[in-house]
Each structure stands twice: as C-alpha cells, then as structure tokens.
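Asker:
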Amino acid sequence: MERLPGFRDFYPEPLPDRDAWSADLRHHIFAAWRNTARRYGFREYDGPPLEPLDLYTVKSGAEIVGQLYHFTDKGGRDVALRPEMTPTLARMAAAHDRHYRKPLKWFAIPQLFRYERQQKGRLREHFQFNADLIGEADPAGDAELIALLIDSLRALGLTADDFVVRLSSRNAWQAFFEQHARPGATPYDFYQAIDKLERDPPEATQARLDAVGIPLDAVRHFIDSGQPTPELARILAELGARGLAPFVRVDYGVIRGLAYYTGPVFEAFDRHGKFRALAGGGRYDDLIKRLSNGRVDLPALGFGMGDVVLAELLKDRRLRPDRFAQLDAFLLIEDESLRPDSLQLLQTLREAGLAVDYPLVAAKSDKQFKRALDLGTVHTVRLERTPEGQVHARVKHLASRSELVSPLAEVARHLRSEPAAPAPAPASPAA
RNA sequence: GUGACUGUAGCUCAGCCUGGUUAGAGCUCCAGAUUGUGGAUCUGGCUGUCGCGGGUUCAAAUCCCGUCAGUCACCCCA
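The first sequence begins at 206 in our numbering and counts up by one.
1) In whole angstroms, what is the alpha-carbon distance linking L273 and A285?
2) For the structure I just gave you, are there three or more beta carbon pairs, one from the region 440–449 and one from the region 315–335, closer than 8 Å?
3) Please report how far the alpha carbon of P627 lies from the alpha carbon of S605, in whole angstroms.
4) Roughly how many whole angstroms lie between the Cα atoms of V583 and V453?
5) Beta-carbon separation of L372 and L519 under 9 Å?
6) Anyone know if the C-beta pair for R413 and D394 falls short of 9 Å?
7) Based on Cα-Cα distance, which residue from D302, R208, A313 and P257 lies nearest to F235?
8) I'd like to know whether the C-beta atoms of G458 and E408 end up nearer to each other than 9 Å.
9) Figure out for me which residue from E321, R231, S542 and D415 has the closest Cα to the Cα of G594.
10) Between A630 and I399, what straight-line distance do the alpha-carbon atoms span, to the nearest angstrom?
11) So for P634, helix, strand or coil by DSSP?
12) Does the distance from the CB of P292 to the CB of L260 come in under 9 Å?
13) Can you tell me whether G478 is buried or exposed, with buried defined as 16 or more other CB within 10 angstroms of its CB?
14) Between L437 and S374, is the Cβ-Cβ spacing less than 9 Å?
15) I want to know whether the region 304–312 touches the region 327–346 - three or more CB-CB distances under 8 Å.
16) Using the C-alpha atoms, what's the distance from R523 back to R223?
17) Quick one: grab the DSSP three-state call for K401.
18) Under three-state DSSP, which class holds F247?
19) Measure the alpha-carbon distance for P392 versus D283 and round it to whole angstroms.
20) With a 10 Å radius around its C-beta and 16 neighbouring C-beta atoms as the bar for buried, classify R213 as buried or exposed.
21) Cβ of L588 within 9 Å of Cβ of L613?
22) To which residues does DSSP link H331 through a beta bridge?
23) Going by C-alpha to C-alpha distance, which of L209, Y216, V514 and I460 sits closest to A530?
24) D356 and L244 - do their beta-carbons sit closer together than 9 Å?
25) Going by alpha carbons, who is nearest to D278 out of L258, P526, P435 and R425?
26) Using 10 angstroms around the beta-carbon of K310, count the other beta-carbons present and answer buried if the total reaches 16, otherwise exposed.
27) Hey, out of A473, P469 and M510, whose CA is closest to D490's CA?
28) Could you please give the first and the last residue of the uninterrupted alpha helix (DSSP H) stretch that includes T277?
29) Can you tell me which residues form a DSSP beta bridge with T582?
30) Rank R481, G507, T241 and L551 by C-alpha distance to the C-alpha of E517 and give the top, closest one.
31) Going by DSSP, what residues sit across from W226 in a beta bridge?
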C-alpha cells in the first residue's frame with residue numbers, strides 16, 4: 206500500500222533513501238522547540254486534530270474550504286483536519302479565560318493539514334511550532350514572542366548569517382492606505398497587492414494597486430524608507446536590549462496574507478533566499494472576541510514555524526546532528542555460556558536507567574560489534590570468566606579506546622563516569 | 001484545479017534516442033572465509049509484474065495514448 210500523496214513516513218537514521226524523512230531529525234527539532242519554549246516560560250497545550258468545519262469558515266470565509274482537508278463524518282457533521290492552530294487556541298482560551306492569570310504564554314506542536322498539490326517546502330501535512338501570548342496588548346509582548354522565535358532557531362544552530370526576522374505592521378500600512386487610497390477601496394485588496402509585491406512582475410502589482418488608486422512608486426518609497434512606527438521602535442528596542450538586534454529588521458515588504466492580523470506582523474526568512482518563509486506571525490487583537498461571539502475580548506499574538514522548510518534549511522546548512530542513536534552500552538556476548546550472567550547485568554544496567562542493547566541470539570563477534578557501532582553506543586561491555594571461575598566485565602569506551610576491567614557491580618558506575626556521548630555536531634549531509 | 005519534467009533491484013543509476021537472445025553495474029543485505037580492539041578484505045548468494053493499463057509491431061524497458069505517483073512551478077498561503 207502506498208501512502209497518501211503529500212504525507213510522510215518518518216524513518217530512524219540511517220535513512221533508507223535520499224528523500225526519506227528522519228524521525229530522529231524530527232525529534233531533534235521538536236526538542237529544540239520545547240526546550241526553548243520552556244526557557245521562555247511557555248506552557249504546552251493541545252487540541253483535537255479534527256474540528257468542525259465552521260471553526261475555519263467563520264474566521265476566513267467560505268473560500269478557504271477549497272484548501273481544507275474536509276469531509277462529512279458518519280454523524281453527518283462537516284469536519285476538517287485542522288489547517289492551523291489559532292482558532293482552536295482561541296476557543297480554548299475563551300472557554301477558560303478566567304482560570305488563568307494573564308498573560309497566557311502557551312505553545313503547541315500540532316500536525317496541520319491542507320488539501321492541495323504538494324511542492325517544495327509544502328506538503329499536505331506538516332508539524333508546526335505554535336507559540337501565542339494572550340492578554341497583553343503592550344509591544345513588550347511582541348518583543349518577547351519574537352525573541353522566542355529567534356531563540357528557537359538559534360537553538361538549532363542557526364545564526365544571524367542564516368536567517369532574519371522581517372518586521373512590519375498592519376497599523377503602518379493601514380495608515381498609509383487611509384492616506385493614499387481612493388475612497389471606497391478595501392484594505393484587504395491593498396494588502397493582497399503588497400503581499401504579492403515580491404513575487405509578481407511590476408505590471409501585475411500596478412494593476413492591483415490601480416484598483417485601490419495607489420501608485421506603485423508611493424508603495425516602493427514607503428517600503429524603502431523603512432521608518433519604524435513607535436510600536437515597532439519599542440519592539441526593536443527590547444530586542445536590542447537582549448542582544449538580538451542582528452536578527453531583526455524593519456521591512457514593510459512583509460504584510461502577511463491572512464485577514465485577521467491587526468498590528469505588528471513578521472516573517473523569518475533564510476538569508477540566502479533559497480527557501481520559503483521559516484516562520485510567520487503577528488498580532489490578532491480582535492480574533493478571540495470574534496470567535497467567542499464577543500464574550501471574551503483579549504488581545505493576542507502568535508507565530509507558527511513549520512518543520513518542513515526548517516528541516517530543509519538545517520540540511521542545507523549542514524546542521525543535522527551527526528549521530529542520532531545513543532546507547533550507553535552494548536553488551537557483547539561472545540561466550541554463550543556467559544549469556545545468563547550477561548542478561549542479569551543487562552537488567553541491572555537498564556534498571557539503573559542506562560540505555561543498553563545486546564545480541565538476542567548467538568552471533569559472530571564482528572557482527573555484534575558492527576551492530577553496536579550502528580546503534581551509536583558509547584561503550585561496549587563484555588563479560589569474561591577468570592581461570593578461577595570469577596566473572597568480571599571489560600568496559601570499553603569507544604571514543605577514547607580505553608578499556609578497564611570491572612567487577613559486575615561497578616559496571617554501571619563506570620558507564621556513568623565515562624565521558625558522555627558527544628553533543629550533536631554539524632555533519633556532512635546524508636546525500 | 002493547471003502546466004513541465006521524471007518513474008528500471010532495498011538504495012544510486014546505466015540501457016530507451018536508433019524496438020531484436022536470458023535487463024545490467026556499484027552499494028546495501030544475507031552466508032561463508034579471513035581479521036580479532038575490530039565498520040577492512042576475499043568468495044558466494046538473494047532480490048525486478050522495467051509504476052500501472054491499453055495500443056502499434058513478428059517482437060516493447062525502448063515507440064504512441066491514458067492513468068497513478070514523485071519533483072518543480074502556478075493558484076493559494078495557515
């Protein structure tokens with residue numbers, strides 16, 4: 206059976222072929238996300254992968270349905286696999302907003318779905334790091350969230366030479382629009398024109414702008430000026446105080462396609478421009494009120510960072526971890542008469558919390574050793590019987606090639622005291 | 001939904017243009033030998049509906065049509 210188009214199998218390293226997705230790399234990315242969120246005081250939440258179709262049409266309009274993975278369930282309900290996390294989060298926050306002190310700092314790593322032909326960096330399914338800050342209107346919240354975005358990427362080894370956060374503001378464009386647009390023109394059409402500015406030829410952009418009565422030159426001049434609004438200046442100042450200024454710049458060329466953003470918006474891009482946006486987000490102060498039918502009114506902002514483009518970038522920059530498998534020890538059983546003693550030691554070590562593997566059945570020693578290397582073991586352990594009938598262990602630390610003889614009771618201590626497995630280091634790409 | 005390119009062994013590919021015995025190579029894997037602080041080396045072995053379906057032909061991996069899948073771009077962007 207083939208898997209569905211646009212969906213992925215995740216294999217353990219080493220990968221079976223060039224295009225395979227790595228379960229180990231995925232874990233590495235998730236761990237960086239979770240650990241960074243933890244350092245920032247964000248709490249993890251989650252919701253259902255399947256939601257009522259209405260949850261998405263209410264916010265974005267019916268035209269979004271064409272992009273959704275949706276169907277009618279056996280109970281006759283119109284349902285959709287979640288294409289984004291924000292509506293779920295807004296529902297959860299609105300339902301229990303009195304229970305949590307503000308601001309809420311929450312994150313999730315949902316698997317999201319969309320129904321469309323796949324292309325580079327875009328499949329029908331992906332995992333997305335979502336972090337949101339709810340209940341704080343001050344730009345300090347924007348700065349905190351953007352700092353989290355930056356440090357999430359830094360946690361994976363990326364630097365200011367690899368990526369930049371382009372910071373913009375719906376408020377700035379709103380003011381520009383009101384100042385320049387023909388009366389009766391709709392802001393959304395204008396935002397669409399700005400959103401496509403970098404991808405479309407100038408004539409196409411001009412045609413879009415003609416519809417709202419704004420000359421292209423005025424738009425270009427506004428973007429080139431790059432003058433931060435007071436709220437953007439606040440955000441930049443707070444990021445600068447953290448030493449994160451090299452990772453961010455004002456760039457009004459970013460506006461975000463989504464209709465619900467209300468204030469600062471931002472996108473993270475790789476510096477070489479080879480990939481799609483790594484992450485994007487912004488402030489959506491009205492959304493929770495709208496989704497809760499006016500019951501709850503909380504300012505909020507958030508971002509999403511997908512695993513697909515990020516994995517591509519990490520491979521491109523050779524930031525994939527070198528070794529993924531990690532075993533504290535592999536128990537070599539070259540003398541089958543020592544198998545019972547080996548199993549007893551195996552159990553002792555595992556109960557002590559050590560990661561230990563061993564050959565299930567008798568095997569030639571070179572095969573055992575090769576398997577130990579495949580599994581990324583730090584040590585090998587081999588039992589020996591002395592002429593007097595005593596059983597002791599030979600513990601070898603592979604990286605240093607040092608070996609020592611130890612009583613069985615001391616093996617766990619030696620495994621712990623030896624240098625730990627090397628931290629993930631840059632390595633040559635698999636391909 | 002539209003278009004372009006690509007589908008041959010577990011992996012990477014050759015063969016296709018110009019149809020013609022039994023479809024190949026390297027790597028991996030398995031077995032044996034050898035080595036015995038070692039991913040080496042040697043020998044042997046397994047593995048293919050040539051993506052799938054149809055057509056042309058005495059004969060199709062090879063030419064034609066369709067289809068499915070992959071890759072990339074468009075559309076859209078959460």
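Even for Gly, the Cβ is constructed at its ideal location relative to N, Cα and C.
Answerer: So, to answer that:
1) In this structure, the CA atom of L273 is about 7 Å from the CA atom of A285.
2) Counting Cβ pairs under 8 Å, fewer than three are found: no touch.
3) Reliability fails at P627, whose pLDDT of 43 lies under 50, so the model's placement of it is uncertain and no value is given.
4) One C-alpha to the other measures close to 41 Å.
5) No, Cβ-Cβ distance for L372 and L519 is not below 9 Å.
6) Yes, Cβ-Cβ distance for R413 and D394 is below 9 Å.
7) Nearest to F235 by alpha-carbon distance, out of D302, R208, A313 and P257, is A313.
8) No, the Cβ-Cβ distance between G458 and E408 is not below 9 Å.
9) Ranking the options by Cα distance to G594, first place goes to S542.
10) Reliability fails at A630, whose pLDDT of 38 lies under 50, so the model's placement of it is uncertain and the value that follows must be treated cautiously. Roughly 40 Å separates the two Cα atoms.
11) Residue confidence is low: P634 scores 32 on pLDDT, short of 50, so the model does not pin down where it sits. No coordinate-derived value is stated.
12) Contact flag set, yes.
13) So G478 counts as exposed.
14) Yes, the Cβ-Cβ distance between L437 and S374 is below 9 Å.
15) Flag = yes, the region 304–312 and the region 327–346 touch.
16) Within the model, the alpha-carbon separation for R223 versus R523 is close to 15 Å.
17) Assignment of K401 by DSSP, reduced to helix, strand and coil, places it in the coil class.
18) Look at F247 here: in three-state DSSP terms it is coil, with no helix or strand label.
19) P392 and D283 have their alpha carbons spaced roughly 31 Å apart.
20) With 16 or more Cβ atoms within 10 Å of its Cβ, R213 is classed as buried.
21) With respect to L613, L588 sits close: the two C-beta atoms are nearer than 9 Å.
22) In DSSP, H331 forms a bridge with L317.
23) When each option's Cα is compared against that of A530, the closest is Y216.
24) Position check: residue 244 holds Arg in this sequence, whereas Leu was assumed. In this structure, D356 lies closer than 9 Å to R244 by Cβ.
25) Cα-wise, what sits closest to D278 is L258.
26) When all chains shown are included, K310 counts as buried.
27) Out of A473, P469 and M510, P469 has the C-alpha closest to the C-alpha of D490.
28) In the DSSP annotation of this structure, T277 is not part of any alpha helix (DSSP H); the continuous beta strand (DSSP E) holding it starts and ends at H275 to T277.
29) For T582, which the question treats as bridged, DSSP gives the partners L532.
30) The residue among R481, G507, T241 and L551 with its C-alpha nearest the C-alpha of E517 is R481.
31) Answer by DSSP bridge pairing, in chain order: F215.
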